[in-house]
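Residue numbers (this note's numbering), protein chains in the order written: chain Y, 1 to 408; chain D, 1001 to 1408.
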């Protein structure tokens, strides 16, 4: 039974938050696209974040990590169009962005989360951001979440925003968020830029715990192209304005909060994968019967990461060999002789492999199933009871096109 | 100084070997393409092989492993068009192929190496192979290497065959070989089907040592798409007919033999990468200044495996961020502040990153460099003296096209 309800909303749905996004001009060739956003709370929030594991990283990561050391934040400033990574003045520019936001909002620069996304290795122009912040401070509003979601998009084709509600001790708690991510998305990293807000009362320590647990089965199980970014960040701020009893330990309220956070992150994971660069379909690999959780996760990730599986999904080709192959090189210790594989979509389900052996199957029906927009690859390992799912997409001509000349 | 010379030749160039390839009909829809080959020596040979590390593997692997336990082989039988993997009767069919070859040649089935390549999970039809062996036994010849090279091709666009010579103790020693591989090629595996012959006198144990050492810097440093096959095999047979003193330890002759074997394998690695599915160019990542060999190899492999780097190479986009990004997530412990990156081709060399920072550079010249067919990505780490190179290709529309519907 679910203890939460998705609602129409965004990062501004929880009590206390306003936001907006403007065309600041960081993207010089796209002067019709928003490229600077701010998200602000009326009071300092408990805050936590997780980051890319890439050793090459934007200075925004280090600055944000420093600002979150005390578990408190009150605002986010984020630009698209330039990653501010691998630049000689990256640190200075990241700190300048925080100072600009702090000055405009009358808060401490230490309470600002800063993020950037876009081209790596090009100096970030600060003038557009100065002008953008001046404009933003006058238009921050509870309706501005959608504009903020637009402002962090790069190659995304759809904006990602969401909200959901749950009840904690009789109080309505709302969680909202925005995310960007389309390419350079891979497992085991922050994966994307994502900013999450909630009016739940929860300590920074418990917020961090919940963030890590929820990301582990959602953001950390998405792959578009196997590349991981220099700038990934998933940050959450909790205003406490819902008035629930503050969560300071892993009690029943924590479990409910985690359940809702996980559901919202999983919905984002699917959106990120479905909007993968060039993707025409969402591919979810659901592994069951694994000996342990690690094996289930390893197999699921290996399958959604396989270029050959992804190309076959684009071609609606019910190739079972590529699935087995990806299971085989995943590194998980599986008994090949027990593996069953099915494809499933709104058009039905078809078994293509039983006990590790390819089956003859109805190719026409298989094609019909695989021509849908959301495909499940079901793998039953027969080794135990553990389950996992991973989120990916197909590999298409447009992925190559988008990435063949990204900078121009 | 090189101690070997490449010559025009093939797997039949070393003394004692004959081969051929025929249209047996394993590829039912391609009745104009050769799909069955045999390579035979007039006497039993010292033999060794390395295999895929995929847990899901063709029964041909197990049968060949068993036949090579005594370090002796006299013939290879190999088909394309069907991988004989993930089939209920795979073992039986693989053994039947050996028996057919043995009977036709009047040798022991235990001295036959068997391999298959093609679609996974479809039962291998044995009748075409029976007919093919009957035809082959009458046409085995010293000129048949090229036909054998053709017969093992799947999505390859060019056949891969080579030969080179060296002198050991005054005797001319020849090494020859054929290979196939275009997609499902990845590092740290046998990577492909490849059959190598030599007339050197060398023990099976030393042959195995040399094979592993040479493959480690060649076959094991090639990536086309990150997928590894169920059927990879690299096998070598040594007839001893060159009359050199048998190599039974790691002496000077072993060093010369290894040098030549390594050179021949590196030439194949480049051919495999350049003929990667859909590839328009060969991309070699040359890493220098690494703290140790492991770091050099890890970085080089990470860069040639990156989908984003590969797509940028297709688009002739001198993106330095993607290179740094791939270095950063490689897992190698590098000092980002010391990394220099250049692109080089026949049109010149251009530095795009110094000390981990992107540089402004001449975009027109960079484009000119990257429009060539063979690109070097030069990465200087500044951490030490170790070097490595890895071989890859670009990611193109045609990769997607080829793999969108491989089976039809």
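Idealized CB from N, CA, C, for every residue including glycine.
Worksheet item: Using 8 Å as the Cβ pair cut-off and three pairs as the minimum, do the region 252-259 of chain Y and the region 347-354 of chain Y touch?
Response: no
Worksheet item: Three or more C-beta pairs closer than 8 Å, one from the region 1273-1293 of chain D and one from the region 1392-1400 of chain D: is that the case here?
Response: yes
Worksheet item: Taking the alpha-carbon positions, what's the residue 343 of chain Y to residue 352 of chain Y distance?
Response: 8 Å
Discussion item. If the cut-off is 7 Å on Cβ atoms, which residues from the region 329-345 of chain Y count as contacting chain D, listed in chain order?
Written reply: Against chain D - using a Cβ distance shorter than 7 Å - the residues of the region 329-345 of chain Y are 329, 334, 336.
Worksheet item: Any Cβ of chain Y within less than 7 Å of the Cβ of residue 1190 of chain D?
Response: Only weak support is given to the placement of residue 1190 of chain D: the predicted model assigns it a pLDDT of 41, under 50, and the value that follows is read from those uncertain coordinates. Not closer than 7 Å to any Cβ of chain Y, the Cβ of residue 1190 of chain D fails to qualify, so no.
Worksheet entry | Beta carbon proximity, residue 1079 of chain D to chain Y, threshold 7 Å | no
Worksheet item: Going by C-alpha distance, which of Y:273, Y:293, Y:292 is nearest residue 305 of chain Y?
Response: Y:273
Discussion item. Check for me: the beta strand (DSSP E) holding residue 1374 of chain D runs from which residue to which?
Written reply: 1374-1380
Worksheet item: Using a beta-carbon distance cut-off of less than 7 Å, what residues from the region 362-389 of chain Y approach chain D?
Response: Against chain D - using a Cβ distance shorter than 7 Å - the region 362-389 of chain Y contributes no residues.
Fill in: Beta-carbon proximity list for residue 1096 of chain D, same chain, < 7 Å, skipping 5 on both sides
1126
Worksheet item: Distance, Cα to Cα, residue 189 of chain Y vs residue 1051 of chain D?
Response: Because residue 189 of chain Y carries a pLDDT of 44, less than 50, the predicted location of this residue cannot be relied on, and no value is offered for it.
Worksheet entry | Nearest-angstrom Cα separation, counted from residue 1037 of chain D out to residue 1021 of chain D | Computed Cα separation, rounded: 4 Å.
Fill in: C-beta neighbour in chain Y for residue 1233 of chain D, strict 7 Å
no
Worksheet item: Where do the ends of the beta strand (DSSP E) carrying residue 1079 of chain D lie?
Response: 1072-1082
Worksheet item: What separation, rounded to the nearest whole angstrom, lies between the Cα atoms of residue 202 of chain Y and residue 251 of chain Y?
Response: 11 Å
Worksheet item: According to a CB-to-CB cut-off of less than 9 Å, which residues of the region 51-72 of chain Y neighbour chain D?
Response: 52, 53, 54, 55, 56, 57
Practice prompt. Please report the residue range of the alpha helix (DSSP H) in which residue 1331 of chain D lies.
Written response: Going by DSSP, residue 1331 of chain D is part of no alpha helix (DSSP H) at all; its letter is neither H nor E.
Worksheet item: Touch check for the region 106-122 of chain Y and the region 82-89 of chain Y: three-plus C-beta pairs under 8 Å?
Response: Touching, yes.
Worksheet item: Does DSSP put residue 211 of chain Y in a helix, in a strand, or in coil?
Response: helix
Discussion item. Tell me the DSSP secondary structure of residue 1401 of chain D in three-state form.
Written reply: DSSP places residue 1401 of chain D in helix when its eight states are reduced to three.
Practice prompt. Determine the direct distance from the alpha carbon of residue 232 of chain Y to that of residue 194 of chain Y, and round the result to whole angstroms.
Written response: If you take the alpha carbons of residue 194 of chain Y and residue 232 of chain Y, they lie about 8 Å apart.
Fill in: residue 383 of chain Y beta carbon less than 7 Å from that of residue 291 of chain Y
Result yes, Cβ atoms of residue 291 of chain Y and residue 383 of chain Y sit closer than 7 Å.
Worksheet item: Taking C-alpha atoms, which residue in D:1367, D:1331, D:1236 lies nearest to residue 1014 of chain D?
Response: D:1236
Item to complete: Say whether chain Y places a C-beta atom closer than 7 Å to the C-beta of residue 1086 of chain D.
Response: yes
Discussion item. Taking only three categories from DSSP, how would you classify residue 1363 of chain D?
Written reply: helix
Item to complete: Starting from residue 62 of chain Y, follow its DSSP beta bridges and name the residues at the other end.
Response: None; residue 62 of chain Y has no bridge partner.
Worksheet item: What are the uninterrupted segments assigned as beta strand (DSSP E) that are 3 or more residues long and contained completely in the region 28-61 of chain Y, given in chain order?
Response: Correct list: 36-51.
Worksheet item: In chain order, which alpha helix (DSSP H) runs of at least 4 residues are fully inside the region 1219-1274 of chain D?
Response: 1252-1274
Item to complete: Counting only the same chain and skipping the five closest in sequence on each side, list residues whose C-beta sits under 6 Å from that of residue 1311 of chain D.
Response: Leaving aside the five residues that flank residue 1311 of chain D on each side, the residues in its chain whose CB is nearer than 6 Å to its CB run, in chain order, 1395.
Worksheet item: Does DSSP put residue 20 of chain Y in a helix, a strand or coil?
Response: strand
Practice prompt. Identify the continuous alpha helix (DSSP H) that holds residue 98 of chain Y and give its terminal residues.
Written response: 90-105
Fill in: Proximity below 7 Å, CB of residue 1287 of chain D to CB of residue 1388 of chain D
Going by C-beta atoms, residue 1287 of chain D is nearer than 7 Å to residue 1388 of chain D.
Practice prompt. Name, please, each residue of chain D whose Cβ falls closer than 8 Å to the Cβ of residue 320 of chain Y.
Written response: 1086, 1120, 1121
Discussion item. Report the start-end ranges of each alpha helix (DSSP H) in the region 1281-1325 of chain D that is 4 residues or longer and not cut off at the edges.
Written reply: Runs of the alpha helix (DSSP H) lying entirely within the region 1281-1325 of chain D, each at least 4 residues long, are 1293-1305, 1307-1314 in chain order.
Worksheet item: Helix, strand or coil: which one does DSSP assign to residue 1142 of chain D?
Response: coil
Worksheet item: Do the CB positions of residue 1078 of chain D and residue 1178 of chain D come within less than 7 Å of each other?
Response: no
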